[in-house]
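**Student:** In the numbering used here, each number is its position in the sequence shown, counted from 1, plus 11.
We put the CB at the ideal spot given by N, CA and C, even for glycine.
These figures come from a predicted structure and were not determined experimentally.
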Amino acid sequence: MAKTPFLERLAVGAVLISDGATGTNLQKRGLPIGAAAELWVLEAPDEIRALNQAFIQAGAEILLTCTFGASRHRLAASGLAEHFEAINRAALAITLDAAAEHDVLVAGSIGPLGQMLAPFGEVTVEEAEADFREQAAILCQEGADLIVVETQYDINEASAAVRAVRSVDTEIPLVCSFSYDRGTRTMMGVSPERMAEEIDVLDVDLLGINCGRSLEDNLAALTLLRAATEKPLWFKPNAGLPEVGMDGEAVYAVTPEEMADLVPGWVAAGARVIGGCCGTSPEHLRALARAVHANRE
Ligand SMILES: [Zn+2]
Numbered sequence: 012m013a014k015t016p017f018l019e020r021l022a023v024g025a026v027l028i029s030d031g032a033t034g035t036n037l038q039k040r041g042l043p044i045g046a047a048a049e050l051w052v053l054e055a056p057d058e059i060r061a062l063n064q065a066f067i068q069a070g071a072e073i074l075l076t077c078t079f080g081a082s083r084h085r086l087a088a089s090g091l092a093e094h095f096e097a098i099n100r101a102a103l104a105i106t107l108d109a110a111a112e113h114d115v116l117v118a119g120s121i122g123p124l125g126q127m128l129a130p131f132g133e134v135t136v137e138e139a140e141a142d143f144r145e146q147a148a149i150l151c152q153e154g155a156d157l158i159v160v161e162t163q164y165d166i167n168e169a170s171a172a173v174r175a176v177r178s179v180d181t182e183i184p185l186v187c188s189f190s191y192d193r194g195t196r197t198m199m200g201v202s203p204e205r206m207a208e209e210i211d212v213l214d215v216d217l218l219g220i221n222c223g224r225s226l227e228d229n230l231a232a233l234t235l236l237r238a239a240t241e242k243p244l245w246f247k248p249n250a251g252l253p254e255v256g257m258d259g260e261a262v263y264a265v266t267p268e269e270m271a272d273l274v275p276g277w278v279a280a281g282a283r284v285i286g287g288c289c290g291t292s293p294e295h296l297r298a299l300a301r302a303v304h305a306n307r308e
């Protein structure tokens, strides 16, 4: 099916709908707490496909691949390093396949390496960039419609990921999204203004906010980011703050309706792509999509 490219869709002026969470929804489907979601790319691909399909049914126009933790460094921490290529290729293939018969785009997800960069940690910026380059090469060459460098907290690491993507593909639409999980600061203390100052000058098409802490904090971060950049904004907040359930699992108390009620405010604050991160189920996404459509009219 011939699909309108991502940036053309954005240029028309519509607010686009992305998907909900990968990790927390796979946990609901039985992925053990603490296990890497990428494990299921090889062991339970049908569960990932079913989650992709549930998001399409709910109204998603952009699906993210299950490759958030599929850099070599991060896979090594889960004992999956030897499956690096197989996981990235298969994860992309699963989601391309789910999207194929629909007018839905596929975003290759690239998350942080999961270790601090030097001088706080052992990984050098050059090593990080090489790692991201290897992952980006597979995602770009095997057919992703766009790339989302997401849940970033460190300017140096995010910049390395952006440079890595651009070193393998100068054309692919690229989103760089930070997680403000200390309110309106990342865990490294980066503010939306500082993020915009440092990342805006790189060759990215959208700046974004995803994951984070409360919905209130995420809206505050969005407002600050809007004032600091001219670029379109990507917005995938958590479904509020999790509480710890009986089995140690994260429980998200925000209902789909409560989240959807916030959509007009997010659009007014400048969000051009809307979805959800941790805790955002297909039911949440359905309510968000309905609110985005109502807001389009
Ligand atoms: Zn999240």
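Using a Cβ-based criterion (distance less than 6 Å to any ligand heavy atom), does CYS187 qualify as near ligand 1?
**Tutor:** Indexing the sequence shown from 1 puts residue 187 at position 176. Not under cutoff, so the answer is no.
**Student:** For the putative contact between ALA101 and LEU53, defined by C-beta atoms under 8 Å, what is the C-beta separation to the nearest angstrom?
**Tutor:** Locating residue 101 in the sequence shown gives position 90, counting from the first residue. Locating residue 53 in the sequence shown gives position 42, counting from the first residue. About 7 Å; that satisfies the 8 Å criterion.
**Student:** Looking at the unbroken alpha helix (DSSP H) that takes in SER178, where does it start and where does it end?
**Tutor:** Within the sequence shown, the letter at position 167 stands for residue 178. Segment 166–179, the alpha helix (DSSP H) holding SER178.
**Student:** With distances taken from each beta carbon to the nearest heavy atom of ligand 1, which residues come in below 5 Å, in chain order?
**Tutor:** Per the Cβ criterion, the list is CYS222, CYS288, CYS289.
**Student:** I'd like the ranges of any alpha helix (DSSP H) spanning at least 4 consecutive residues and lying wholly in the region 240–287.
**Tutor:** Correct list: 267–271, 274–279.
**Student:** Kindly confirm or deny that the region 73–82 and the region 134–151 touch, where touching means at least three C-beta pairs closer than 8 Å.
**Tutor:** Contact between the region 73–82 and the region 134–151 is present, because at least three Cβ pairs lie under 8 Å.
**Student:** What's the gap between the Cα of ALA231 and the Cα of GLY45?
**Tutor:** For the purposes of this step, residue 231 is identified with residue 220 of the sequence shown, where counting begins at 1. For the purposes of this step, residue 45 is identified with residue 34 of the sequence shown, where counting begins at 1. Roughly 30 Å separates the two Cα atoms.
**Student:** Hey, could you find the ends of the alpha helix (DSSP H) CYS151 is sitting in?
**Tutor:** Translated into positions along the sequence shown, residue 151 becomes position 140. Residues 136–152.
**Student:** Can you list, in chain order, the residues of its chain whose CB lies under 7 Å from that of LEU97, leaving out five sequence neighbours each side?
**Tutor:** Residue 97 sits at position 86 when you count from the first residue of the sequence shown. The amino acid occupying residue 97 in the given sequence is Ala; Leu does not appear at that position. Closer than 7 Å at Cβ, skipping near neighbours: LEU53.
**Student:** Going by Cα to Cα distance, which pick from ARG205, LEU150, ASP142 is closest to THR165?
**Tutor:** Here the question's residue 165 lines up with position 154 in the sequence shown. According to the sequence provided, residue 165 is Asp. The question's Thr does not apply to it. Answer by Cα proximity: ARG205.
**Student:** When you compare only the Cα positions, how much space is there between THR240 and ASP258?
**Tutor:** Taking the sequence shown and counting its residues from 1, one reaches residue 240 at position 229. Taking the sequence shown and counting its residues from 1, one reaches residue 258 at position 247. Taking the straight line from one Cα to the other gives about 42 Å.
**Student:** Along the chain, where does the alpha helix (DSSP H) containing GLY6 start, and where does it finish?
**Tutor:** Residue 6 cannot be examined here, being either before or after the span of the chain that is shown, 12 to 308.
**Student:** Assign PHE66 to one of two classes, buried (16 or more other C-beta atoms within 10 Å of its C-beta) or exposed (fewer than that).
**Tutor:** For the purposes of this step, residue 66 is taken as the residue at position 55 of the sequence shown. PHE66 comes out buried.
**Student:** At the level of alpha carbons, what is the spacing between LEU236 and GLY219?
**Tutor:** Locating residue 236 in the sequence shown gives position 225, counting from the first residue. Locating residue 219 in the sequence shown gives position 208, counting from the first residue. Straight-line Cα distance between these residues: approximately 8 Å.
**Student:** With DSSP as the reference, label GLN163 as helix, strand or coil.
**Tutor:** Locating residue 163 in the sequence shown gives position 152, counting from the first residue. Here GLN163 sits in strand by DSSP.
**Student:** Relative to the C-alpha of GLY125, which candidate in ALA169, LEU150, GLY119, ASP114 has its C-alpha closest?
**Tutor:** Here residue 125 refers to the residue found at position 114 of the sequence shown. That would be ALA169, whose Cα lies nearest to the Cα of GLY125.
**Student:** May I ask you to report which of helix, strand or coil DSSP gives VAL186?
**Tutor:** Residue numbering aside, residue 186 sits at position 175 when the sequence shown is read from its first letter. VAL186: strand per DSSP, three-state reduction.
**Student:** Report the partner residues of TYR158 according to the DSSP bridge assignment.
**Tutor:** Here residue 158 is taken as the residue at index 147 of the sequence shown, counted from 1. Sequence inspection shows Ile at residue 158; the Tyr mentioned does not correspond to that position. ILE158 is bridged to GLY119, LEU185.
**Student:** Strictly by DSSP, which residues pair up with ILE28?
**Tutor:** By 1-based counting over the sequence shown, the position of residue 28 is 17. DSSP, once it has assigned bridges, lists ILE285 as partnering ILE28.
**Student:** In terms of residues, what are the limits of the alpha helix (DSSP H) holding LEU74?
**Tutor:** As a working mapping, residue 74 is identified with position 63 in the sequence shown. Taken as a continuous stretch (DSSP letters only), LEU74 belongs to no alpha helix (DSSP H), being part of the beta strand (DSSP E) at 73–75.
**Student:** Would you mind stating whether GLY290 and ASN249 have Cβ atoms separated by less than 7 Å?
**Tutor:** Looking up residue 290 in the sequence shown gives position 279. Looking up residue 249 in the sequence shown gives position 238. Their beta carbons are under 7 Å apart, which means GLY290 touches ASN249 by this criterion.
**Student:** Taking contact to mean at least 3 C-beta pairs separated by less than 8 Å, is the region 251–265 in contact with the region 187–196?
**Tutor:** No, the region 251–265 does not touch the region 187–196.
**Student:** Apart from the five residues just before and just after ARG20, which ones in its own chain have a Cβ nearer than 7 Å to its Cβ?
**Tutor:** Locating residue 20 in the sequence shown gives position 9, counting from the first residue. So the list reads LEU27, once near-sequence residues are dropped.
**Student:** Who pairs with GLY219 in a beta bridge, going by DSSP?
**Tutor:** Along the sequence shown, one-based indexing puts residue 219 at 208. Paired residues: SER188, TRP245.
**Student:** Relative to the C-alpha of ASP211, which candidate in GLU133, LEU116, VAL186, LEU296 has its C-alpha closest?
**Tutor:** The residue given as residue 211 occupies position 200 in the sequence shown. Of the candidates GLU133, LEU116, VAL186, LEU296, the one whose C-alpha sits nearest the C-alpha of ASP211 is VAL186.
**Student:** Compare the C-alpha of ALA309 against each of ALA48, ALA104, LEU116, PRO56 and name the closest.
**Tutor:** Missing from the structure shown is residue 309; the chain here goes from 12 to 308 and no further.
**Student:** Give me whichever residues DSSP pairs with LEU42 in a beta bridge.
**Tutor:** Counting from one through the sequence shown, the residue named residue 42 turns up at place 31. Answer by DSSP bridge pairing: none, since LEU42 is not bridged.
**Student:** Compare the C-alpha of GLU49 against each of ALA88, ILE73, ALA69, PRO16 and name the closest.
**Tutor:** Residue mapping note: residue 49 aligns to position 38 of the sequence shown, counting from 1. GLU49 has its Cα closest to that of ALA88, out of ALA88, ILE73, ALA69, PRO16.
**Student:** Report the CB separation of ALA71 from ILE121 in whole angstroms; it is logged as a contact under 8 Å.
**Tutor:** By one-based count along the sequence shown, residue 71 stands at place 60. By one-based count along the sequence shown, residue 121 stands at place 110. In fact, because the Cβ distance is near 19 Å, the residues do not count as touching under 8 Å.
**Student:** Can you check whether the CB of PRO184 is closer than 7 Å to the CB of ASP216?
**Tutor:** To locate residue 216, count along the sequence shown from 1; it is residue 205. To locate residue 184, count along the sequence shown from 1; it is residue 173. Yes, the pair counts as a contact, with Cβ atoms nearer than the cut-off.
**Student:** Do you know whose CA, among ARG307, VAL136, ALA305, ALA298, lies nearest ASP30's CA?
**Tutor:** In the sequence shown, counting from the first residue as 1, residue 30 sits at position 19. Comparing Cα-Cα distances from ASP30 to each of ARG307, VAL136, ALA305, ALA298, the minimum goes to ALA298.
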